[in-house]
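So that you can map any letter, position 109 of the sequence shown is 109 in the UniProt record's numbering, and since no number is skipped, the others follow by simple counting.
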Amino acid sequence: MAFIKQESEDFRIEKVFSLKQEETEEQTDLLVLKEENQDPNEMEQTDQYEKHHDLITGGKATQTKTASLQPFPCQQCGKSFAQQVALKRHMKTHSGEKPYTCQQCGNRFTQKAALKSHMRTHTGEKPFTCQQCGNSFAQKSNLKKHMRTHSGEKPFTCKLCGKSFSQKVKIQSHMRTHTGEKPYTCHLCGKSVTQKRSLQYHMNIHTGEKPYTCEQCGKSSSQIILRFT
1 MAFIKQESED
11 FRIEKVFSLK
21 QEETEEQTDL
31 LVLKEENQDP
41 NEMEQTDQYE
51 KHHDLITGGK
61 ATQTKTASLQ
71 PFPCQQCGKS
81 FAQQVALKRH
91 MKTHSGEKPY
101 TCQQCGNRFT
111 QKAALKSHMR
121 THTGEKPFTC
131 QQCGNSFAQK
141 SNLKKHMRTH
151 SGEKPFTCKL
161 CGKSFSQKVK
171 IQSHMRTHTG
181 EKPYTCHLCG
191 KSVTQKRSLQ
201 YHMNIHTGEK
211 PYTCEQCGKS
221 SSQIILRFT
């Protein structure tokens, strides 16, 4: 029998489990599946999204768990966790510690599961397949988002204007139309824009690059221009 003790300032919870060592490690990995299943863009923007969570419905369930269920609070941000190992993992987001390094490109990650997910960008592995159309994805979260194109589900709703979106990253971008935030700045001229894609388009003006070509007339442009007749 392996004894697992979880302690905090106000709580002392002791549970007994009959686990093999490898089973314990497997359960630990399961705790970080959420990060593994997130795409990199969402990972980078999670903190920014949480700043606007009070203006958004559907994107994130209201946190209703009591202290008895989540007795391990972070002393820096107040977020609580059900297990001490989860709190320890969370603390790396504050300390900046990234102990897991990709041997191919040098990128570093706070969690082992995030590194495992990243490795698929090198191997090309896409283990998650849509049963309706056959498209495959490297991450489960991307498959889940893709399925909304079939179902039409739009679970992320803006409380300010009522507009709904199929993806969290899209409502993050939309919220900037209300807040006026422009986090992407051109290092050449100082112009700021609300979306990363808009900055990429803008940079083409400086570089002269015209990567978008019309299939009908062959004319190239620095930006995507759609015209319907």
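Ideal Cβ placement from N, Cα and C applies to all residues, glycine included.
Bear in mind the structure is a predicted one, so any value in this text is a computation, not a measurement.
Note down the Cα distance separating G208 from K191, rounded to an integer number of angstroms. Distance between the alpha carbons of G208 and K191 is about 17 Å.
What residue range is occupied by the uninterrupted beta strand (DSSP E) comprising T157? Looking at the DSSP string, the run of the beta strand (DSSP E) that includes T157 is 156 to 158.
Taking the straight line between their C-alpha atoms, what separation do you get for Q195 and K170? 10 Å
Cβ-based burial, L143 [other Cβ within 10 Å; buried from 16]: buried
With distances taken from CA atoms, which of K116, C161, E97 is nearest H178? If you compare the alpha carbons of K116, C161, E97 with that of H178, the shortest gap goes to C161.
Give me, in chain order, the residues of the same chain whose beta-carbon lies closer than 6 Å to that of C217; leave out the 5 immediate sequence neighbours on both sides. If the five residues before and after C217 are omitted, its C-beta is found closer than 6 Å to no C-beta atom of its own chain.
Between the C-alpha atoms of A82 and S95, what's the straight-line distance to the nearest angstrom? 21 Å
On the DSSP bridge assignment, give the partners of V193 in chain order. When beta bridges are read from the DSSP output, V193 appears opposite Y184.
For T121, name the three-state secondary structure that DSSP assigns. Note: T121 maps to helix in three-state DSSP.
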